[in-house]
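**Q** Please see the structure below; I have some questions.
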Amino acid sequence: MSLRARHARRLASLLTARTGAYVLVRYDRSAARYQVQWSGGPDREAMRELAAEYTEEVAELELAELIWLRSSG
């Protein structure tokens, strides 16, 4: 597993623990970018702000380049 993939997994774990919503970070080959997906919990902006707190821990991910997908539920 690449360092970038490990950082994606780490970000998912950190955000899941912080928000209580199950967060999945996966690579979208068609978009050539990682997606952050979750249901319920914080809105997109709040989730981005939380992720920004972990920038150093997930340095291989460019947070501004992530696709943020929240579904209601």
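Every letter in the sequence shown is one number past the one before it in UniProt numbering, and letter 36, counting from 1, is 36. Note that CB positions come from ideal geometry on N, CA and C, so glycine has one too. Since the structure is predicted, the reported quantities are computational estimates derived from the model, not experimental observations.
Using a Cβ-Cβ cut-off of 8 Å (strictly less than) and excluding sequence neighbours within five positions of L3, which residues of its own chain qualify?
**A** Closer than 8 Å at Cβ, skipping near neighbours: E60.
**Q** Roughly how many angstroms lie between the CA atoms of H7 and Y27, to the nearest whole one?
**A** 12 Å
**Q** If I measure Cβ to Cβ from G41 and keep anything under 7 Å in the same chain, skipping five residues before and after, which residues do I get?
**A** T19, G20, A21
**Q** Helix, strand or coil: which one does DSSP assign to residue 107?
**A** Residue 107 lies beyond the stretch modelled for the chain, which goes from 1 to 73, so this question has no answer here.
**Q** Tell me the DSSP secondary structure of L69 in three-state form.
**A** strand
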